[in-house]
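Asks: Please read through the structure below; I'll follow up with questions.
Number of protein chains: 2
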Amino acid sequence: MHVVLASASPARLSVLRAAGLDPTVEIADVDEDALLAAIPHATPTEKVTSLAGAKATTIARRTRFPDAVVIGCDSMLHIGGELVGKPVDVEDARRRWRRMAGGTGELVTGHTVLRMADGKIDRVAEGHAVTVVRFAEPTDAELDAYLATREPLGVAGAFTLDGLGGWFVEGIDGDPSNVIGISLPLTRRLLAGLGVTVTDLWSPS
Amino acid sequence: MHVVLASASPARLSVLRAAGLDPTVEIADVDEDALLAAIPHATPTEKVTSLAGAKATTIARRTRFPDAVVIGCDSMLHIGGELVGKPVDVEDARRRWRRMAGGTGELVTGHTVLRMADGKIDRVAEGHAVTVVRFAEPTDAELDAYLATREPLGVAGAFTLDGLGGWFVEGIDGDPSNVIGISLPLTRRLLAGLGVTVTDLWSPS
Chain A
1 MHVVLASASP ARLSVLRAAG LDPTVEIADV DEDALLAAIP HATPTEKVTS
51 LAGAKATTIA RRTRFPDAVV IGCDSMLHIG GELVGKPVDV EDARRRWRRM
101 AGGTGELVTG HTVLRMADGK IDRVAEGHAV TVVRFAEPTD AELDAYLATR
151 EPLGVAGAFT LDGLGGWFVE GIDGDPSNVI GISLPLTRRL LAGLGVTVTD
201 LWSPS
Chain B
206 MHVVLASASP ARLSVLRAAG LDPTVEIADV DEDALLAAIP HATPTEKVTS
256 LAGAKATTIA RRTRFPDAVV IGCDSMLHIG GELVGKPVDV EDARRRWRRM
306 AGGTGELVTG HTVLRMADGK IDRVAEGHAV TVVRFAEPTD AELDAYLATR
356 EPLGVAGAFT LDGLGGWFVE GIDGDPSNVI GISLPLTRRL LAGLGVTVTD
406 LWSPS
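Just so you know, the protein sequences line up as chains A and B, in that order. Each residue of the first sequence is one higher than the one before, starting from 1 at the first, in the numbering used here. Each residue of the second sequence is one higher than the one before, starting from 206 at the first, in the numbering used here.
Next up, the structure:
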């Protein structure tokens, strides 16, 4: 059974590859702002799960793999009562880090897994996972060096756990793959709910 | 300043590379069993810190980089009152997983960082980190498939967080890089204690 990852995130692809899958990446051009504007009263978990579902179903409608499993995800950082995605520029990332440093946030990732049969969506499983992230306090020099790499600009919450940002995360409570953008244990359970055993999807390495 | 990693672990090297360092790997042939036999009353954290120190100092004495930072680490899983390293064979790994499944363990990693000057050990910093790991309950078929990959045989505690084992870890409480074998935030603090800013060690990517 083929696996399709409906996400442009290189970090999600790396997580899945390291965990034995070899998904085909197909990128959905979902207008995230418009979708979120359409559900103004949604909770953080409803927002990320809606975005994950929109990505997965958009790809399911057009994928060239008629019997695949399609996985869509969306991640945001919930901090200080606010739900944030990628920073808009270096100054935005710096402001956020000044607020995050020494504190905690919740990385929320929505997941939608679709099982296709004969080119149609046959079954759907969705869920979300929340991981608490405890941020370190980078010095001004460390923060300048981190921002200069531009890594924080490309990621939800302006930090990575699996890259340079790992130096500045003291710890987490929850699943680390969820912070990177796709929770492996949740995806395993969603697949099982669709009758798919994840180890059957492992590619020979 | 050059970074030397006194460890044969490919997972530790991957963590450091993903986090911007490009260390030279030098492998110390420390007789771990003999060292542990010499300190029978040591606590788990004393054991891993002693092993980390033995690896780092062995390499420091013979490295060809006279002004390097040398990092040594050692990891074990503390579970059910017992401290375990790598499993001896597939059956040992299976027995352990039957005991671990649905429960928790503590991944303990000892760290020693040595700052060399003119070919001599100038300053020493050491510490340990503990991360609680909550194991999922793989089905018999999933456990068989996991053992067949032989991945659990090469790692302390018979699981990985950054590989195939990630499907079977529900969550952690603590630093994920510590579970993989080297805590980035602790290493950052140990380096700072030696007057080294970690971002100054980042290689151009």
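The beta carbon of each residue, even a glycine, is placed where N, CA and C say it ideally should be.
Classify PRO343(B): buried if its beta carbon has 16 or more other beta carbons within 10 angstroms, exposed otherwise.
Replies: buried
Asks: Using three-state DSSP, classify GLU331(B) as helix, strand or coil.
Replies: strand
Asks: Using alpha carbons as the reference points, say which of TYR146(A), ASP67(A) and ILE71(A) lies closest to LEU51(A).
Replies: ILE71(A)
Asks: Within 8 Å of any Cβ in chain B, is that where the Cβ of GLY163(A) sits?
Replies: yes
Asks: Near ALA156(A), what residues of its chain come up, given a Cβ to Cβ distance below 8 Å and the 5 sequence neighbours on each side ignored?
Replies: SER75, MET76, LEU77, VAL84, GLY85, LYS86, LEU107 and GLY181
Asks: Nearer than 7 Å: is that true of the beta carbon of HIS128(A) relative to any heavy atom of the ligand NAD?
Replies: In the structure on display, the ligand NAD does not appear, and there are no ligands present to speak of.
Asks: Taking the alpha carbon of THR109(A) as the reference point, which residue from SER203(A), THR187(A) and THR24(A) has its own alpha carbon closest?
Replies: THR187(A)
Asks: For the candidate residues GLY379(B), ALA213(B), LEU210(B) and ILE232(B), whose alpha-carbon lies nearest to that of THR309(B)?
Replies: When C-alpha distances from THR309(B) are compared across GLY379(B), ALA213(B), LEU210(B) and ILE232(B), the shortest belongs to GLY379(B).
Asks: Within 10 angstroms of its Cβ, does LYS252(B) collect 16 or more other Cβ (buried), or is it exposed?
Replies: Buried, by the Cβ-count rule.
Asks: Considering only the alpha carbon of each residue, which of GLY359(B), ARG222(B), TRP372(B) and LEU396(B) lies closest to THR317(B)?
Replies: LEU396(B)
Asks: Shortest alpha-carbon distance to ALA211(B) belongs to which of GLY225(B), GLY398(B), THR229(B) and ASP345(B)?
Replies: THR229(B)
Asks: Using only the alpha-carbon positions, how far apart do VAL235(B) and ALA158(A) sit?
Replies: 41 Å
Asks: Of the choices PRO44(A), ILE39(A), VAL3(A) and PRO152(A), whose alpha-carbon is the least far from that of VAL130(A)?
Replies: PRO44(A)
Asks: Just checking my contact of ALA265(B) with LEU218(B) at CB under 8 Å: how many whole Å lie between their CB atoms?
Replies: Not really, about 18 Å apart at Cβ, beyond 8 Å.
Asks: Smallest Cα separation from SER408(B): which of VAL15(A), ALA145(A) and ARG62(A)?
Replies: ALA145(A)
Asks: With a Cβ-Cβ cutoff of 8 Å, do THR263(B) and GLU142(A) count as a contact?
Replies: no
Asks: Taking CB distances under 8 Å as the criterion, tell me whether LEU358(B) reaches chain A.
Replies: no
Asks: If you count every other CB in all the chains shown that lies within 10 Å of the CB of HIS128(A), and 16 or more means buried, which is it?
Replies: buried
Asks: Using a cut-off of 7 Å between C-beta atoms, extract the partners of GLY371(B) located in chain A.
Replies: ALA19, SER177 and LEU184
Asks: Taking ALA341(B) as the query, report the chain A residues whose CB atoms sit under 7 Å from its CB, ordered along the chain.
Replies: PRO185
Asks: Quick one, are the C-beta atoms of ARG134(A) and ILE79(A) less than 8 Å apart?
Replies: no
Asks: Whose CA, out of ALA243(B), LEU358(B) and ALA242(B), lies closest to the CA of ARG301(B)?
Replies: Of ALA243(B), LEU358(B) and ALA242(B), the residue nearest in Cα terms is LEU358(B).
Asks: From the beta carbon of GLY307(B), is the nearest beta carbon of chain A less than 8 Å away?
Replies: Chain A, which has no Cβ nearer than 8 Å to the Cβ of GLY307(B), makes this no.
Asks: Residues of chain B with CB closer than 9 Å to the CB of THR197(A), please, in chain order.
Replies: Think of a sphere of 9 Å around the beta carbon of THR197(A): the chain B residues whose beta carbon falls inside it are THR344, ALA346, GLU347 and ALA350, in chain order.
Asks: Where does ASP238(B) land, buried or exposed, given buried means 16+ other C-beta within 10 angstroms?
Replies: Exposed is the call here.
Asks: Judging by CA-CA distance, which residue of ASP227(B), VAL374(B) and GLY258(B) is the nearest neighbour of ARG337(B)?
Replies: For the record, residue 337(B) in the displayed sequence is Val; it is not Arg. Here the closest residue by C-alpha is VAL374(B).
Asks: In whole angstroms, what is the alpha-carbon distance linking THR149(A) and ALA223(B)?
Replies: 13 Å
Asks: Against GLY379(B), what residues of chain A qualify as contacts under a CB-to-CB distance less than 7 Å, listed in chain order?
Replies: Result: GLY171.
Asks: Quick one: does ARG150(A) have its CB under 8 Å from some CB of chain B?
Replies: no
Asks: Identify the contact partners of TRP407(B) in chain A, using a Cβ-Cβ distance below 8 Å as the criterion.
Replies: ALA145, THR149 and LEU164
Asks: Closest by CA to ASN178(A), which one among ALA54(A), LEU164(A) and LEU16(A)?
Replies: LEU16(A)
Asks: Kindly indicate which residue of PRO390(B), LEU366(B) and GLY400(B) has the alpha-carbon position closest to the one of ALA216(B).
Replies: The shortest C-alpha separation from ALA216(B) is found at LEU366(B).
Asks: Going by C-alpha to C-alpha distance, which of ARG64(A), MET1(A), GLY20(A) and GLU151(A) sits closest to VAL88(A)?
Replies: GLU151(A)
Asks: Please classify MET1(A) as buried or exposed, where buried requires at least 16 other C-beta atoms within 10 Å of its C-beta.
Replies: exposed
Asks: I'd like to know whether the C-beta of ARG188(A) is nearer than 8 Å to at least one C-beta of chain B.
Replies: yes
Asks: So ILE232(B) packs on ALA213(B), CB below 8 Å; how close in whole Å?
Replies: 5 Å
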